[in-house]
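Residue 172 in the numbering used here is what sits at position 161 of the sequence shown, and the numbering runs on without skipping anything.
These notes concern the structure reproduced below.
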Amino acid sequence: MRVLQLGLQSAVLMAGVGGLFAQAKHPVSGRVIAPVMSAAGADWLERGERESEESPSKAIRALDIKPGMTVCDLGAGSGYYTVRMSRLVGPSGKVYAVDIQPKMLDLLARRLKSEGINNVVPVLSSEDDPKLPPKSQDLILLVDVYHEFARPQIMLQRMREALKDDGRLVLLEFRKEDSSVPIRLEHKMSIAEVKAELEPEGFRIDKVLDVLPWQHIFICKKK
């Protein structure tokens, strides 16, 4: 059964995270904060079924990334979205690939070297700071990442500081409203939860795109 397989796999992938995560709830929405997926689960990010299950190619097109942009893949992991974004911004653009786990950045560095990609800047973040330059980003993308932030409020504040005035914060999150999406509940988010959590930190939801099989695409801007 697909739901059970993903549920069990998710539980395994979260094992060994240790100090990266402490069980907590968001103080505004009451949402349970999910554990961080460890680098041991990187193969799941690169699984062959990802295109058919999540349509990342369609998600990338929805971002409208242009050559020369400076963008961020926050929670970059092994670089699945990073390398795709790097091709779109081209040699005149830049991608900041941010992750909290050194082992993920090691995987990313090997990938960048093997593919000859040189417009990506790997960044080791902390749980309360993405370590991005102020007003530097045209786009900050979080793919199934925001719901794992141990300190989401302060991270939103830091991301807001890193965005240009007309920059966009984009969240991809598995739809909590849809019980048929075969992902553990703590790794899903609803539109209401995103709205409740982002608005107090100076963001507004500009649009929600539901063009993907399992995920919402939240396109957010500074208030």
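Every residue gets a Cβ at the ideal spot worked out from N, C-alpha and C, and that includes glycine.
**OP:** Evaluate contact between the region 103-112 and the region 75-95, counting only Cβ atoms and requiring at least three cross-stretch pairs below 8 Å.
**Re:** Touching, yes, given that three or more Cβ pairs across the two stretches are closer than 8 Å.
Original post:
Taking one C-beta from the region 181-194 and one from the region 150-165 each time, how about it: are there three or more such pairs within less than 8 Å?
Top reply: yes
**OP:** Check whether the Cβ atoms of A50 and M115 lie closer than 8 Å to each other.
**Re:** On the sequence shown, position 39 is the one that residue 50 refers to. On the sequence shown, position 104 is the one that residue 115 refers to. For A50 and M115, yes; Cβs fall inside 8 Å.
Original post:
So Y157 is in the beta strand (DSSP E); what residue range does that whole segment cover?
Top reply: Here residue 157 corresponds to residue number 146 of the sequence shown, with the count starting at 1. No beta strand (DSSP E) holds Y157; DSSP gives it neither H nor E.
**OP:** State yes or no: is the C-beta of A240 within less than 8 Å of the C-beta of G88?
**Re:** Any answer about residue 240 is impossible in this case: the structure gives the chain only from 12 up to 234.
Original post:
Taking C-beta to C-beta, are A173 and L143 nearer than 8 Å?
Top reply: Here residue 173 is taken as the residue at index 162 of the sequence shown, counted from 1. Here residue 143 is taken as the residue at index 132 of the sequence shown, counted from 1. The answer is yes: Cβ separation under 8 Å.
Original post:
L123: which of Y92, P141, D139, S137 sits nearest, CA to CA?
Top reply: Taking the sequence shown and counting its residues from 1, one reaches residue 123 at position 112. Of the listed residues, the one whose Cα sits closest to L123 is Y92.
**OP:** Drop a sphere of 10 angstroms on the beta-carbon of K187, count the other beta-carbons inside from all chains shown, and report buried for 16 or more, exposed for fewer.
**Re:** Numbered from 1 along the sequence shown, position 176 holds the residue referred to as residue 187. By the 10 Å Cβ count, K187 comes out buried.
**OP:** Report buried or exposed for A35, applying the criterion of at least 16 other Cβ atoms within 10 angstroms of its Cβ.
**Re:** For the purposes of this step, residue 35 is taken as the residue at position 24 of the sequence shown. The residue in question, A35, is exposed, as its Cβ has fewer than 16 Cβ neighbours within 10 Å.
Original post:
Where does A108 sit, in a helix, a strand or coil, going by DSSP?
Top reply: The residue given as residue 108 occupies position 97 in the sequence shown. In the structure shown, A108 sits in a strand (DSSP, three-state: E or B).
Original post:
Bridge partners of H227, per DSSP?
Top reply: Start at 1 with the first residue of the sequence shown, and residue 227 comes out as number 216. Note: H227 sits in a beta bridge opposite E184.
Original post:
Taking buried to mean at least 16 other C-beta atoms within 10 Å of its own C-beta, is P141 buried or exposed?
Top reply: Counting from 1 along the sequence shown, the entry for residue 141 is found at position 130. With 16 or more Cβ atoms within 10 Å of its Cβ, P141 is classed as buried.
Original post:
How would you write the range of the alpha helix (DSSP H) that L209 sits in, first residue to last?
Top reply: What you label residue 209 is simply residue 198 of the sequence shown in a count that begins at 1. Unbroken alpha helix (DSSP H) run through L209: 202-209.
Original post:
In whole angstroms, what is the alpha-carbon distance linking D75 and M166?
Top reply: Numbered from its first residue, the sequence shown carries residue 75 at position 64. Numbered from its first residue, the sequence shown carries residue 166 at position 155. Cα-Cα distance, rounded: 24 Å.
**OP:** Check whether the Cβ atoms of A70 and I202 lie closer than 8 Å to each other.
**Re:** Locating residue 70 in the sequence shown gives position 59, counting from the first residue. Locating residue 202 in the sequence shown gives position 191, counting from the first residue. No, these two residues do not count as a Cβ contact at 8 Å.
Original post:
Is it right to say E62 is buried, meaning 16 or more other beta carbons lie within 10 angstroms of its own, or is it exposed?
Top reply: As a first step, residue 62 is located in the sequence shown; it is residue number 51 there, counting from the start. Label assigned to E62: exposed.
Original post:
Rounded to a whole number of angstroms, what is the C-alpha to C-alpha distance between D117 and E138?
Top reply: Walking along the sequence shown from the start, residue 117 turns up at place 106. Walking along the sequence shown from the start, residue 138 turns up at place 127. So the alpha carbons of these two residues sit roughly 19 Å apart.
Original post:
Exposed or buried, what is D149 when buried is set at 16 or more other beta-carbons lying within 10 Å of its beta-carbon?
Top reply: Here residue 149 refers to the residue found at position 138 of the sequence shown. Classification for D149: buried.
**OP:** Would you kindly work out how many angstroms separate the C-alpha atoms of H158 and S68, rounded to a whole number?
**Re:** Locating residue 158 in the sequence shown gives position 147, counting from the first residue. Locating residue 68 in the sequence shown gives position 57, counting from the first residue. Whole-angstrom Cα-Cα distance: 22 Å.
Original post:
Helix, strand or coil: how does DSSP classify R95 here?
Top reply: Walking along the sequence shown from the start, residue 95 turns up at place 84. If DSSP states are grouped into helix, strand and coil, R95 belongs with the helices.
Subject >> Segment limits, alpha helix (DSSP H) that includes R11 >> reply: The question about residue 11 has no answer, for the chain in this structure spans 12 to 234.
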